[in-house]
Amino acid sequence: MTFEHMLEKVRYEGAYPTRERAEEAVRLVVAGLGRQLTGDERVELAARLPLEAARVLTEQIPDTQPLTGWAFVKDLAARSGATLATTRWDTGSVLATVAALAGPELLTRILRRLPSGYALLFGRAELTQAA
3 MTFEHMLEKV RYEGAYPTRE RAEEAVRLVV AGLGRQLTGD ERVELAARLP
53 LEAARVLTEQ IPDTQPLTGW AFVKDLAARS GATLATTRWD TGSVLATVAA
103 LAGPELLTRI LRRLPSGYAL LFGRAELTQA A
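Add 2 to a position in the sequence shown, counting from 1, and you land on the number used in our numbering.
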């Protein structure tokens, strides 16, 4: 998938009025994900993203304390100056496309690596450990 195609998919998923608005969302959310994801999953995801998106992901230095899914949304809202509702919408719209590019096996591994709360952001039911 090209970056242009990724932007069009996000634009459609998020019902954004312009390509530029979709690109803002992609850059914000993918950069945020780059601050959370480490290890082999980060490398494999970068390889599956369009080059421009992969650069945004890998230019970020991972945080030492990963954020929960909700804290991730709040952090993105603070960085962008947008409302929590708008940021949650942006996050879901972008991560649905990222999930499709990652594929189910890599996405499962990504979700196992991240703290709780990310599965719903990627459009999946939350994974839980059996008691």
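Don't be surprised by glycine CBs; every beta carbon is placed ideally from N, CA and C.
Sub-8 Å separation of residue i and residue j beta-carbons
| i | j | result |
| --- | --- | --- |
| Arg-115 | Leu-35 | no |
| Phe-124 | Leu-109 | yes |
Host alpha helix (DSSP H) of residue i (start-end)
| i | result |
| --- | --- |
| Val-14 | Note that residue 14 is Tyr in the sequence shown here, rather than Val. Tyr-14 -> alpha helix (DSSP H) spans 5 to 16. |
| Ser-2 | This structure cannot settle anything about residue 2, because the visible part of the chain is limited to 3 through 133. |
| Thr-60 | 53 to 60 |
| Ala-27 | 21 to 36 |
| Glu-43 | 41 to 50 |
| Phe-74 | 71 to 82 |
| Leu-123 | 120 to 123 |
Neighbourhood of residue i by C-beta distance below 7 Å, restricted to the same chain and skipping five residues each side
| i | result |
| --- | --- |
| Asp-77 | Gly-34 and Leu-69 |
| Thr-93 | Val-31, Val-75, Leu-78 and Leu-123 |
Cβ neighbours of residue i in the same chain (closer than 8 Å, five flanking residues each side left out)
| i | result |
| --- | --- |
| Glu-43 | Leu-108, Arg-111, Ile-112 and Arg-115 |
| Arg-81 | Leu-30 and Gly-34 |
| Ala-48 | Ala-56, Leu-59 and Thr-60 |
| Met-8 | Val-28, Leu-51, Pro-52, Ala-55, Thr-99 and Leu-103 |
Closest Cα partner of residue i within the set the options
| i | options | result |
| --- | --- | --- |
| Tyr-14 | Gly-105, Thr-99 and Ala-121 | Thr-99 |
| Pro-117 | Glu-46, Lys-11, Trp-72 and Gly-16 | Trp-72 |
| Ala-101 | Thr-4, Ala-84, Tyr-120 and Gln-67 | Tyr-120 |
| Arg-23 | Asp-65, Gln-67 and Ala-84 | Ala-84 |
Any contact between the stretch 26 to 35 and the stretch 87 to 94? By contact I mean 3 or more CB pairs, one from each, below 8 Å. yes
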